[in-house]
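Have a look at the structure below, then the notes.
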Amino acid sequence: MKKSVLILLTFLLFQANAAFGDSPYIRKSVGKFKKKDKKEIVVNKEKDLFPCRPVSSWVGERLIFLPMKKSLQRDYDGFLYDENGQRLLLDYNKFVGRIAQVISVDQEFNVKLKMENNSKIIILRCFKDDACVENIALAADIDNARKKWLGKTLFNRSILTLNIYNVNTGIRGYFEVKKNTPLKVIDIVAGWEWFRPVRFILQTSSGKE
Numbered sequence: 009m010k011k012s013v014l015i016l017l018t019f020l021l022f023q024a025n026a027a028f029g030d031s032p033y034i035r036k037s038v039g040k041f042k043k044k045d046k047k048e049i050v051v052n053k054e055k056d057l058f059p060c061r062p063v064s065s066w067v068g069e070r071l072i073f074l075p076m077k078k079s080l081q082r083d084y085d086g087f088l089y090d091e092n093g094q095r096l097l098l099d100y101n102k103f104v105g106r107i108a109q110v111i112s113v114d115q116e117f118n119v120k121l122k123m124e125n126n127s128k129i130i131i132l133r134c135f136k137d138d139a140c141v142e143n144i145a146l147a148a149d150i151d152n153a154r155k156k157w158l159g160k161t162l163f164n165r166s167i168l169t170l171n172i173y174n175v176n177t178g179i180r181g182y183f184e185v186k187k188n189t190p191l192k193v194i195d196i197v198a199g200w201e202w203f204r205p206v207r208f209i210l211q212t213s214s215g216k217e
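The opening position of the sequence shown corresponds to residue 9 in the numbering used here, with each subsequent residue numbered one higher.
This is the structure in structure tokens:
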């Protein structure tokens, strides 16, 4: 009897190893795939469009001065200096939406910027390679989002609350859309915060934006 139990356990262990591969905690597949199923499996090897870029890799990148909500609008003053080391306060209305290209980054992570509209030189001090800059973002993130989603139609998985906003008055509103509502991406623009640099402008089938 003991010999029969031992043989049975050995058989079960063999079967388990065959099913789980090299590890008893990993199973490579469940069930059998038909030939047509294999053709339908698509592996997305798309290059990461939104990588985390260390400051030292910014040379050649374009930075955008982000808009701010009306109640929070103020001059751009986040560690910005002129070539002589004087602290700068940049007028919001003159710089919002402007683009500056990164000319160089030194060993202390001082970023030299050249404004595209007037060639003005600005120094942005970051202090470390993984720094995040307030009210400024990489324009590439917006460009890449446009390449991937602009013009496409999205479907929300649950009830969604969408924002309405008037830039001139600062007045905000809201409306809800039902689950699985088709929402067309009609524009992708700069966000209001450095940690959310991209905003999607969506439109419902009834025309609400």
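For glycine and all other residues, C-beta sits at the position ideal for the given N, C-alpha and C.
Let me check understanding here. Comparing Cα to Cα, which of the options lies closest to residue i?
i, options, result
"D83", "E91, D90, F73, N92", "F73"
"K155", "E142, G181, V197", "V197"
"V175", "L57, S64, S79", "S79"
"V63", "L191, D138, K192", "D138"
"F87", "S127, V185, F135", "F135"
"N164", "N101, K122, Q211, D114", "Q211"
Measuring only the C-alpha atoms, how far is residue i from residue j?
i, j, result
"I129", "L162", "41 Å"
"M76", "K187", "30 Å"
"G93", "L170", "44 Å"
"D229", "P59", "Beyond the ends of the chain as shown, which are 9 and 217, falls residue 229; an answer cannot be given."
"F117", "F183", "44 Å"
"L97", "D85", "5 Å"
"K46", "E217", "Because the pLDDT at K46 is just 41, under 50, the model does not fix this residue reliably, and the point stays unresolved."
Could you tell me if residue i is buried or exposed, where buried requires 16 or more neighbouring beta carbons within 10 angstroms of its beta carbon?
i, result
"D149", "buried"
"V67", "exposed"
"C140", "exposed"
"F103", "buried"
"K42", "Reliability of the predicted coordinates at K42 is poor, the pLDDT of 48 falling under 50, and the value obtained from them is presented with this limitation in mind. Looking at its Cβ environment, which holds fewer than 16 other Cβ atoms inside 10 Å, K42 is exposed."
"S37", "At S37, the pLDDT of 48 sits below 50, so the modelled position is not reliable; the number obtained from the coordinates is stated separately. That one is exposed."
Report yes if the C-beta distance between residue i and residue j is below 8 Å; otherwise report no.
i, j, result
"I172", "D195", "no"
"Y89", "I131", "yes"
"V193", "G215", "no"
Taking 7 Å as the line, does the beta carbon of residue i fall inside it for any heavy atom of the ligand COA?
i, result
"L74", "The ligand COA is not part of the structure shown, which contains no ligands of any sort."
Exercise for the section: State whether the stretch 57 to 71 contacts the stretch 108 to 123, with contact taken as three or more CB pairs (one from each stretch) at a distance under 8 Å. Expected result: The stretch 57 to 71 makes contact with the stretch 108 to 123; the number of CB pairs closer than 8 Å reaches 3 or more.
Handout entry: Three CB pairs or more closer than 8 Å across the stretch 197 to 216 and the stretch 142 to 156
Key = Three or more Cβ pairs closer than 8 Å define a contact, and the stretch 197 to 216 meets that threshold against the stretch 142 to 156.
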